[in-house]
Amino acid sequence: MKYFHLVWAALFRRKTRTLFTLLSVLAAFLLFGLLDCVRMAFANAGGSITGADRLVTFSKVSFTLSLPKSLLPRIQAVPGVAEVSYANWFGGIYQEPKNFFANEAIAPNFLDLYPEWLMPEEQRKAFKETRSGAIVGESLAKKFHWKLGDKIPLQATIFPRKDGSNTWDFDLVGIFHVRDPKLKAQENIMFFNWEYFYEANQFNVGANVGWYAIKLADRSRADPVAQAIDQLSADSDHETKTQSEQSFTTALVSQFANIGLIVGAIMGAVFFTLVLLTGNTMAQAVRERVPELAVLKTIGFSNQSVLGLVLAESVLLLLLGGVLGVALSGVVVDAARANVGDNLPLAPLDGSIWLRALGLMVLIGLIVGALPAVRGMRLRIVDALSGR
Amino acid sequence: MGSFMRRLGLVLTMIVAVVVPVWVLTQSPWWLILAMLVLLALWMALTRVGQQAWSVTKVGITTIPQRLGSSSVVVVGIAGVVGVLVALLAMAAGFESTLRETGTDDTVIVMRAGSQTEINSGVDHDTAVVVSQAAQVLHNAGGQPIASPELVVVTSLPKKSDGLDGNVELRGVGEHAWELRPNVKMIEGRKFQPGLRELITGKSAKGQFRNLEVGSSLKLNGQLWTIVGVFDSGDSHNSEIWGDTDVVGSTYRRGNSISSVSMRLTSKDSFEAIKAALTTDPRIKVDVSTTRAYYNQQSEAITQAIRVLGITVGIIMAVGAIFGALNTMYAAVATRAREIATLRAIGFRGLPVIVSVLIETMLLALLGGALGAALAWAIFDNYTASTLGSNFSQVVFAFKVSPELLWSGLTWALAIGFIGGLFPAVRAARIPVTVGLREL
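Residue numbers (numbering that gives the first Met the number 0), protein chains in the order written: chain A, 0 to 387; chain B, 0 to 439.
Rendered as structure tokens:
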């Protein structure tokens with residue numbers, strides 16, 4: 000640490016060059032921060048820890064097919080099942096198709112299975128008592144500037160009403176929020192009462208549900224319980240597939256794209272370029288300073304100290320630019336989330352991203368510093384001082 | 000005050016000097032750039048200053064091998080930018096063109112009013128009959144309307160890549176589907192027999208999912224089906240599996256209800272007429288669109304998202320590459336400071352120096368751009384990927400690295416090279432001769 004001043008002075012010996020290199024590093028880590036937030040958003044989609052004690056049962060054929068409601072008491076009776084609820088995808092559109100958000104009809108006890116969705120007790124009560132009541136997540140309410148008491152019309156895409164119209168009106172009676180910032184994406188959803196859904200529906204949906212949500216009594220018994228539930232309808236014409244919420248979402252997300260691969264490929268290209276670029280800067284910096292390094296050695300700096308000085312300089316260069324870049328990406332991500340809403344596949348910049356970024360900065364710093372540092376270490380004082 | 004105004008003026012000039020050429024470079028068609036190159040060549044060949052510029056440029060270019068390490072920073076940096084940009088834009092273009100090539104202007108798709116996608120739509124038998132009797136529907140040689148009642152259901156099958164379940168679209172088609180979509184060719188096996196539990200699979204679906212070889216059997220909703228053929232339609236239907244509408248309907252307990260009716264029109268001008276006729280018919284509630292419009296609208300959101308991602312990533316990487324190029328070229332100018340000062344001492348003007356540094360940077364940039372574009376082309380042209388389309392099922396598409404994309408990658412490279420070279424070039428021309436001559 001006592002040589003910090005020396006390292007700092009060496010780094011800013013050529014201000015323009017260092018500034019440009021810093022800006023390149025900054026750009027690279029800005030990109031790293033942004034892309035890692037995208038990757039995390041997709042990885043987190045299935046990663047809710049709170050969902051570990053829940054299973055979901057969908058039709059084995061496809062999650063777009065419905066299941067008979069007669070399964071409800073039978074699933075309830077499976078040992079290890081604490082509570083069962085059900086829901087149905089509604090697929091309504093608010094004003095125009097690009098305003099997409101999930102909206103679902105849910106059974107009266109559905110919210111009991113999701114304690115992580117926090118809502119004042121009186122709103123919970125109002126939702127139960129209002130036939131056409133609906134609740135939305137806080138992010139969604141913010142996005143469309145909805146407040147309690149608003150009427151929200153949705154255009155049905157799957158379920159027309161009994162009178163043949165496609166317009167369903169809902170009364171907003173509750174707004175829920177999720178505490179974990181990583182799971183804020185769950186706030187982009189609207190729920191309404193099952194009763195209203197099947198009474199006003201043109202189709203007879205009363206005998207069918209979209210899927211079952213199951214709360215386990217003991218989370219370690221997820222596999223046997225899931226098998227027992229699927230056994231109920233084995234070889235029938237409505238076979239089911241029961242899995243944890245997490246594996247359902249993971250499978251769904253993996254169908255969109257291999258986000259990890261795309262992000263990995265881009266970052267590979269970026270960091271390869273960065274190593275070359277900063278490596279070149281460091282090589283130049285050491286080449287220019289050969290006589291100075293020789294002087295350091297002459298006055299008693301050991302070979303290891305010189306090696307350490309040069310390595311410290313390159314790591315410092317990476318850290319300065321990298322920290323600024325990641326911090327900037329945090330600002331950009333926050334701004335994007337605030338302005339566009341949580342619909343964006345962007346996770347907030349958290350500690351794990353910082354940790355990975357810092358690790359990369361040190362690693363790249365060591366890599367690009369290695370060759371020049373070794374060169375500095377091996378200098379022979381006589382040759383260097385005489386400019387040979 | 001005067002020096003402040005002068006400095007402000009300098010900054011403004013610099014901004015204009017950067018923005019205008021970059022805008023011209025990225026926006027102009029290839030022939031305009033070619034014309035500019037010809038003008039440059041003429042200038043170099045015919046005028047005295049031009050000839051000076053040419054000789055300075057020659058010296059710069061022939062000394063590049065002495066600065067191989069730092070010059071390769073420009074080349075590799077720009078290759079990275081262009082490679083990533085071209086690959087991402089090729090992904091967007093591939094997805095877009097797969098869905099754009101699906102559908103035509105003279106076939107229409109009829110769905111229940113408000114349903115947006117086929118998977119949401121439900122059309123009952125009576126409606127289907129009314130729809131196919133519309134006057135604008137083309138009749139075949141046998142006198143029957145070319146209309147195909149279609150039922151779209153989604154089924155999950157294990158993917159070849161990771162064994163995880165993926166959604167595949169199972170489309171029941173009517174007997175006239177072949178006249179409706181003449182682009183569908185059987186490339187293996189035969190067509191399915193109406194009334195039997197037989198399926199044919201699209202070429203891409205077969206590549207994407209397990210157990211879709213001809214002759215293998217498949218359990219769908221508790222019933223055993225046989226794959227009897229593979230078809231190639233050259234569009235997004237390749238990601239689907241086809242069977243007979245009635246049999247698919249009975250397997251999935253849909254009764255007489257189907258998803259949509261697709262029909263061939265007598266001519267594409269009759270679209271407005273059939274749309275008006277069907278949407279005002281009081282017996283039915285349907286939406287009518289041309290199949291081209293239907294599939295185009297499905298590609299918009301995803302294509303847009305990939306493009307925005309590609310250009311954002313490209314811009315950030317380009318900024319990084321510009322600073323890399325600036326560093327390299329400042330260093331190059333610094334090592335040649337004495338030589339440049341000598342030239343100016345014996346009467347060369349500043350302009351040839353500026354031009355030569357610019358040309359040198361842009362040549363390096365062009366090399367990098369070509370390298371990046373070539374890599375993107377070699378790795379990603381026809382690379383297949385898939386994503387979840389709007390029917391909740393997999394749409395397989397191939398990356399398309401088109402000449403236009405390669406060209407736009409090169410213009411990006413030239414723009415980066417221009418910005419990266421301009422400032423060092425001006426510095427080179429402005430170093431006082433006396434200072435430059437003393438440089439080592």
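The beta carbon of each residue, even a glycine, is placed where N, CA and C say it ideally should be. Owing to the predicted nature of the structure, the values given are computational and were not obtained by experimental measurement.
Identify every residue that forms a DSSP beta bridge with residue i.
i: residue 193 of chain B; result: In DSSP, residue 193 of chain B forms no bridge with anything.
i: residue 199 of chain B; result: B:228 and B:241
i: residue 146 of chain B; result: B:262
i: residue 104 of chain A; result: A:87 and A:191
i: residue 187 of chain B; result: B:229
i: residue 56 of chain A; result: A:211 and A:241
i: residue 157 of chain A; result: In DSSP, residue 157 of chain A forms no bridge with anything.
i: residue 144 of chain A; result: In the DSSP output, where bridge partners are listed per residue, residue 144 of chain A has none listed.
i: residue 223 of chain B; result: B:218
Would you check if the distance between the CB atom of residue i and the CB atom of residue j is smaller than 9 angstroms?
i: residue 233 of chain A; j: residue 79 of chain A; result: no
i: residue 152 of chain B; j: residue 168 of chain B; result: yes
i: residue 419 of chain B; j: residue 364 of chain B; result: yes
i: residue 431 of chain B; j: residue 332 of chain B; result: no
i: residue 94 of chain B; j: residue 386 of chain B; result: yes
i: residue 170 of chain A; j: residue 148 of chain A; result: yes
i: residue 328 of chain A; j: residue 29 of chain A; result: yes
i: residue 211 of chain B; j: residue 242 of chain B; result: no
i: residue 110 of chain A; j: residue 123 of chain A; result: yes
i: residue 98 of chain B; j: residue 232 of chain B; result: no
i: residue 398 of chain A; j: residue 104 of chain A; result: An answer regarding residue 398 of chain A cannot be provided, because it is not within the stretch 0 to 387 covered by chain A.
i: residue 90 of chain A; j: residue 166 of chain B; result: no
i: residue 287 of chain B; j: residue 172 of chain B; result: no
i: residue 277 of chain A; j: residue 20 of chain A; result: yes
i: residue 187 of chain B; j: residue 263 of chain B; result: no
i: residue 291 of chain B; j: residue 125 of chain B; result: no
i: residue 158 of chain A; j: residue 201 of chain A; result: yes
i: residue 472 of chain B; j: residue 191 of chain A; result: Given a span of 0 to 439 for chain B in the structure shown, any question on residue 472 of chain B remains unanswerable.
i: residue 157 of chain B; j: residue 208 of chain B; result: yes
Taking residue i as the query, report the chain B residues whose CB atoms sit under 7 angstroms from its CB, ordered along the chain.
i: residue 279 of chain A; result: 68, 69 and 72
i: residue 165 of chain A; result: 112 and 113
i: residue 19 of chain A; result: 322, 325 and 326
i: residue 269 of chain A; result: 79 and 316
i: residue 23 of chain A; result: 319, 322 and 323
i: residue 154 of chain A; result: 113
In chain A, which residues lie with their C-beta within 8 angstroms of the C-beta of residue i?
i: residue 255 of chain B; result: Near residue 255 of chain B there are no residues of chain A at all, since even the closest Cβ is about 14 angstroms away, more than 8 angstroms.
i: residue 252 of chain B; result: 236
For a contact meaning CB atoms closer than 7 angstroms, what does residue i contact in chain A?
i: residue 478 of chain B; result: Outside the modelled stretch of chain B, which goes from 0 to 439, sits residue 478 of chain B, for which no answer is possible.
i: residue 220 of chain B; result: 60 and 236
i: residue 97 of chain B; result: Those do not exist, as residue 97 of chain B stays about 14 angstroms from chain A at its closest Cβ, beyond 7 angstroms.
i: residue 387 of chain B; result: 254 and 255
i: residue 118 of chain B; result: 63
i: residue 165 of chain B; result: 254
What residues of chain A sit near residue i, judged by a beta carbon separation below 9 angstroms?
i: residue 416 of chain B; result: In chain order: nothing, as chain A lies at least about 15 angstroms away.
Please compile the residues from chain B whose C-beta is within a distance smaller than 8 angstroms of the C-beta of residue i.
i: residue 16 of chain A; result: 326, 329 and 330
i: residue 283 of chain A; result: 69 and 330
i: residue 453 of chain A; result: Here chain A comprises residues numbered 0 to 387, so residue 453 of chain A is not present and cannot be evaluated.
i: residue 371 of chain A; result: In chain order: nothing, as chain B lies at least about 12 angstroms away.
Quick one: does residue i have its CB under 9 angstroms from some CB of chain E?
i: residue 121 of chain B; result: The chain labelled as chain E is not found among the protein chains of the depicted structure, namely A and B.
What residue ranges within the segment 347–394 of chain B form continuous beta strand (DSSP E) runs of no fewer than 3 residues, ordered along the chain?
-> Whole beta strand (DSSP E) segments, 3+ residues: 383–387.
Within the chosen definition, does the segment 254–268 of chain B reach the segment 219–235 of chain B through at least 3 CB pairs nearer than 8 angstroms?
-> no
Return the chain-ordered ranges of every alpha helix (DSSP H) run that is complete within the segment 234–322 of chain A and spans a minimum of 4 residues.
-> 244–255, 258–287 and 289–297
Indicate whether the contact test is met: 3 or more Cβ pairs, each with one atom in the segment 77–84 of chain B and one in the segment 253–272 of chain A, closer than 8 angstroms.
-> Taking 8 angstroms as the limit for Cβ pairs, the verdict is that the segment 253–272 of chain A does touch the segment 77–84 of chain B.
Contact between the segment 309–323 of chain A and the segment 352–366 of chain A (3+ Cβ pairs under 8 angstroms) | Taking one beta carbon from each stretch, the segment 309–323 of chain A and the segment 352–366 of chain A have 3 or more pairs nearer than 8 angstroms; the two touch.
Counting only runs of 4+ residues fully inside the segment 90–171 of chain B, write out the alpha helix (DSSP H) ranges in chain order.
-> 124–131
Determine, using beta-carbon pairs with one atom in the segment 144–162 of chain A and one in the segment 114–124 of chain B, whether at least three such pairs fall under 8 angstroms.
-> Touching, yes.
Curious, which full-length alpha helix (DSSP H) runs of at least 4 residues does the segment 6–81 of chain B contain?
-> 29–45 and 47–61
Okay, do the segment 207–218 of chain A and the segment 83–93 of chain A touch, 3+ Cβ pairs below 8 angstroms being the bar?
-> Yes, the segment 207–218 of chain A touches the segment 83–93 of chain A.
Would you check if the segment 370–389 of chain B and the segment 85–105 of chain B touch, i.e. whether three or more CB-CB distances between them fall below 8 angstroms?
-> yes
Report yes or no: do three or more beta-carbon pairs, one from the segment 334–348 of chain B and one from the segment 38–56 of chain B, lie closer than 8 angstroms?
-> yes
Are three or more beta carbon pairs between the segment 369–383 of chain A and the segment 280–291 of chain A nearer than 8 angstroms?
-> yes
Tell me, please, whether the segment 293–300 of chain A touches the segment 7–25 of chain A by the rule of three or more beta-carbon pairs shorter than 8 angstroms.
-> no
If you pair each beta-carbon of the segment 215–222 of chain A with each one of the segment 61–77 of chain A, do three or more pairs fall below 8 angstroms?
-> With the rule of 3 Cβ pairs closer than 8 angstroms, the segment 215–222 of chain A does not count as touching the segment 61–77 of chain A.
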